[in-house]
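Report on the following structure.
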Amino acid sequence: MELFIQQVINGLSLGGIYALIALGYTMVYGIIELINFAHGDVYTMGSFFSIAIIGLLDASGQLHGLPLLLVLAVTLAGAMILCGIVGVLLERLAYRRLRNAPRLAPLITAIGASFILENIMQLWRGPSPIPFPSVVPNVTWHFGGVNLSSNEVLVVVMALALMAMLQIFIYNTRLGKAMRATAQDRDAAQLMGININMTIALTFFIGSALAGVGGFVSGIYYGSTWFYNGFEAGLKAFTAAVLGGIGNVAGAMLGGFVIGMVESLTAGFISDQWATVAVFLLLVLVLIFRPSGLLGEVLPDKV
Amino acid sequence: MSRRSLARFVALAAILSMFGTSAAVMPAQAADQVIKIGIDLPVSGADASDGIPTQNGAALAVDEANAHAPKGIKFAVDALDDAVGGVHNPQQGATNIRSLAADPAVMGVVGPFNSNVAAAEIPVSNESGLPLISPSNTNPTLTKTAKYRTAHPNEITYFRVCATDDVQGKAGAEFAKTLGLKKVYIIDDNETYGLGLANVFEKDFKEMGGAVLGHDHITANQQDFKALLTKVAATKPDAVYYGGTTSTGGGLVRQQMGAAGMDPAKVKYEGGDGISDAEFIKVAGDAANNSYYTVAAPNAAKSASAQAFINAYKAKYHSDIGAYSANGYVAAQVIIAAAEKAIKANGGKAPTRAQVLKNIQNTSGFKSIIGTFGFDKNGDTTSPVIALWTIKNGAQDFVHQINVSTK
């Protein structure tokens, strides 16, 4: 039982990271129906930016109190803004011109953008795993035989808080309303005076900034990163978005946690090798029996 | 120079002198015949810390050979990289050997580094007759069975100067015993090398009375090992044995053990030569301490005859030798010696690849900085050595070494 709870904790923290990435997938898909394959690499860039910023702040060793909060705040804000900019640039340079092209064109472009980002990171920091500065003290609490560390709590709390904020933003602000309108009918939204280029760019900015948060917390959680990290994490997060119902914010979060949990329980109780198999098996089953995902609404096809 | 070519030379000189140009042209004698030593190792990415020191060793041997090369002969290096995206890649390795085999000037190849790459390269080498000498492949089936010699099952074109995993795994198990380990959990990377080594370790450790708590495989490009390691921690092992390389997860597994409830200061970590690179310490960080590993090559620093090599290496590359630098150096020397012998037999002319292969096959009593050895009927060294190492205070530390030849 203790082991089971421990694996659930592992699964939740892994799922929190997937969820943060999945939010970006789902937002971008929701608004322009593009599977942004470069999104996983934006997540890795979040880790890389964080390492660079912590390096610039000259922070080393474990920090406590005010310096820790300052470093955390500056790093997080920096990683979010920089990742947001990467996302906006991707949209502006790679996807905007293809907005009305056949769907395959932007998809292939997204895969190309993913390779470009990966290779930029490889040239920047080399192809080996890079240690993430351990500035955040990791406190472990013991509950009987179960260990809970502050890093695990950080990942889950961060994911839930950001999802809540995003939900409020989308449903309770003017910009959120513009976003929903653009997602529903781009032409009609434009006729109503919504600047759709701005709105789509904003969607990319927010989605990528959330991936930046994911990159930051995963760096703290794992203590290392490398340029290729985003490939598999991106694939799993995309699966999470589809599982939860692509285009649905709460669904992305739910999908992320479900996938993290399935992966971790399979690795813990069956075999590590079957973890990925189990994740995709679940995806296939959900798509067969609930094609629009767990929380997705059944929409009639666009004519 | 043979009499016939001398006659030609004189005739040519006479003709040239008639045009009054002999003074200008004569000193530029016929260009040296180039004999190439191919090198195929992973020299980029996470595997570079294995590949580069080995490649440097081989290149040093070629440099030294040029200092006293037979007249009219020049040795050159043709080095290729078999890593793709930072990790050794069997397909890339086979492509490299194919391109080296297409160049008739290449007489032999030092490499590959990884056993699964060798499994893809041996068929190409076997078909083309291009000798391969690996400094570090330890999987026993590469030589001891004919399954990779697809074109000519009885022709040996693949050799190695290191020991194999049947003895490395056994030495690892004995090592675990002397460290007082009773309960071990085994993890491997499911590659030719990692899985093979882990299986030998498991069998021998059990035979010696040790308990194996479980044996799991990880997959390539995996980043999160916490679920697996939480399961491992629940079995309360004395140590985790890892079969595989740093680039396939050896460093990350060690690094994440602490977070999964296994204090690296208490739970030991043991592996084979796959974690003998500097990269392991970099990736695992502080957790690298209290790790132990075997290397299928002697510690060159302990051998008096290797001091000149170590100094020359330091002078040229401004760094210490790697675990397989000396093996790379010796592998290149074997090819060069075989080529020189053939040159002598040819009266100074460049040899054919078949002649060089024949001479490599007949190598025996070869004196080198890793001992005196030859190749047996399968292409294995007759003098395999296993060295045992540990990591202390973030640095590699030699423990001892044993000669494991069965004869």
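First to last, the protein sequences are chains H and A.
So in our numbering, the last spot in the first sequence is 303, and the numbers never skip.
So in our numbering, the last spot in the second sequence is 1407, and the numbers never skip.
No residue lacks a Cβ here, since even glycine has one placed at the ideal position from N, Cα and C.
By the C-beta criterion, the stretch 1264 to 1273 of chain A is judged to be in contact with the stretch 1294 to 1308 of chain A, since at least 3 inter-stretch pairs fall below 8 Å. In this structure, the straight-line span from the alpha carbon of residue 1365 of chain A to that of residue 1160 of chain A is close to 15 Å. Take the alpha-carbon of residue 1241 of chain A and the one of residue 1114 of chain A: they are about 19 Å apart. The alpha-carbon separation between residue 233 of chain H and residue 244 of chain H amounts to approximately 16 Å. Non-local C-beta neighbours of residue 1305 of chain A in its own chain, meaning closer than 6 Å and more than five positions away in sequence, comprise 1369, ordered along the chain. DSSP places residue 1037 of chain A inside the beta strand (DSSP E), whose first and last residues are 1033 to 1041. With a cut-off of 8 Å on Cβ pairs, the stretch 1335 to 1353 of chain A is not in contact with the stretch 1279 to 1291 of chain A, counting fewer than three such pairs. Within chain A, the residues whose beta carbon sits less than 9 Å from that of residue 14 of chain H are 1224, 1226, 1227, listed in sequence order. Per DSSP, the continuous alpha helix (DSSP H) segment holding residue 1204 of chain A begins and ends at 1192 to 1207. A distance below 6 Å between beta-carbons, with the five flanking residues on each side excluded, links residue 7 of chain H to the following residues of its chain, in chain order: 264, 265, 268. Look at the stretch 1227 to 1268 of chain A and you find these whole runs of beta strand (DSSP E), each 3 residues long or longer: 1239 to 1243. Listed by position along chain H, the residues whose Cβ is nearer than 8 Å to that of residue 1221 of chain A are 228, 231, 232. Comparing alpha-carbon positions, the option among A/1108, A/1138, A/1103 lying closest to residue 1119 of chain A turns out to be A/1138.
By the C-beta criterion, the stretch 1162 to 1175 of chain A is judged to be in contact with the stretch 1372 to 1387 of chain A, since at least 3 inter-stretch pairs fall below 8 Å. Against chain A, a Cβ distance below 8 Å from residue 219 of chain H picks out nothing, because the smallest value is about 11 Å. The Cβ-Cβ distance between residue 1055 of chain A and residue 1274 of chain A does not fall below 8 Å. Here residue 238 of chain H is not near residue 111 of chain H, since their CB atoms are 8 Å or more apart. Taken in chain order, the whole alpha helix (DSSP H) runs of length 4 or more contained in the stretch 1045 to 1082 of chain A are 1048 to 1067.
The beta carbon of residue 1399 of chain A sits closer than 7 Å to the beta carbons of 1388, 1389, 1390 from its chain, once the five residues preceding and following it are set aside; these are given in chain order.
With its beta carbon less than 8 Å from one in chain H, residue 1279 of chain A belongs to the interface. Within the same chain, Cβ atoms closer than 8 Å to the Cβ of residue 1104 of chain A are found at 1353, the five residues on either side in sequence being excluded. Of the candidates A/1061, A/1276, A/1311, A/1382, the residue whose Cα lies closest to the Cα of residue 1048 of chain A is A/1276. Chain-order list of chain H residues neighbouring residue 1044 of chain A: 127, by C-beta distance under 8 Å. In the DSSP assignment, residue 147 of chain H falls within the unbroken beta strand (DSSP E) covering 146 to 149. For the pair residue 1243 of chain A and residue 1197 of chain A, the CB atoms are nearer than the 8 Å cut-off. Taking a Cβ-Cβ threshold of 8 Å, the residues of chain A close to residue 149 of chain H are 1259, in chain order. Between residue 1085 of chain A and residue 1045 of chain A a beta carbon distance of about 7 Å is seen, short of the 8 Å cut, so the two are scored as contacting. Measuring C-alpha to C-alpha distances from residue 39 of chain H to each of H/31, H/52, H/113 identifies H/113 as the nearest. Nearest to residue 248 of chain H by C-alpha distance, out of H/28, H/229, H/118, is H/28. Within the model, the alpha-carbon separation for residue 228 of chain H versus residue 118 of chain H is close to 6 Å.
By the neighbour-count definition (other C-beta atoms within 10 Å, threshold 16), residue 1319 of chain A is an exposed residue. DSSP, reduced to helix, strand and coil, places residue 1403 of chain A within a strand of the structure shown.
Across the set A/1247, A/1225, A/1233, the C-alpha of A/1225 shows the shortest separation from the C-alpha of residue 1256 of chain A. Of all residues in the stretch 1283 to 1315 of chain A, those with a C-beta nearer than 9 Å to a C-beta of chain H are 1283, 1285, reading in chain order. Using a Cβ-Cβ cut-off of 8 Å, residue 184 of chain H does not count as an interface residue toward chain A, since no Cβ of chain A sits closer than that to its own. In this structure residue 1266 of chain A is exposed. Its beta-carbon is surrounded by fewer than 16 other beta-carbon atoms within 10 angstroms.
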